[in-house]
């Protein structure tokens, strides 16, 4: 489909993660209280979550899939983040640093080197030619697919209809903003694209 696919950068070859669904459930209860105080935030957040599913970045699991757990099954807590400079815009942030039994997903992942260009060098190169341009990539955070064998480490809980219903299991099919090595992943795939002929 034109997207890159990459596995998670596991610290160990055979990671074993604790079953942390209770953490995700507790975080969702906190989110429910927040939504009861701010129904408008719930509507905006629900739209963003649904858009992730509609665009194929995530999918709802069947009951059989949700019941099947492995050594890397991990439920990532998530919450909305707003920016006062962008009123009305809500972003989903998955918390790869949320701890359960003293462990978090980010503890199990390698960070990798920093590939971000030095800003001074960028500014100098920007002045070298008469014309310069910039561009943005839509949904850049969701442009690299995760390998299916690692997608169970990117599960999350959500209410498909109402916050009064029991939560259901979903999993991300793309890498998340909030994972330890995300900056490396984004920069590596971008640089690869720029050097392809």
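Residue numbers (this note's numbering): 789 to 985. Glycine is no exception: its CB is placed at the ideal position from the N, C-alpha and C atoms.
Secondary structure of residue 827 (DSSP, three-state): helix. Taken through DSSP and simplified to helix, strand or coil, residue 897 comes out as strand. In the structure shown, residue 962 falls within a strand segment according to DSSP collapsed to helix, strand and coil. Taking the Cα of residue 951 as reference, the smallest distance to any Cα among 913, 822, 808, 795 is reached at 822. 958 is the residue among 945, 958, 802 whose C-alpha sits nearest the C-alpha of residue 848. In this chain, the alpha helix (DSSP H) harbouring residue 909 covers 907-914. Straight through space, the alpha carbons of residue 880 and residue 864 are spaced by roughly 12 Å. In the structure shown, residue 871 falls within a strand segment according to DSSP collapsed to helix, strand and coil.
Counting the other Cβ atoms within 10 Å of the Cβ of residue 814 gives fewer than 16, which makes it exposed. Looking from the CA of residue 850, the closest CA among 964, 791, 965, 955 belongs to 955. Between residue 844 and residue 934, the C-beta gap is not smaller than 8 Å, which leaves the two residues out of contact.
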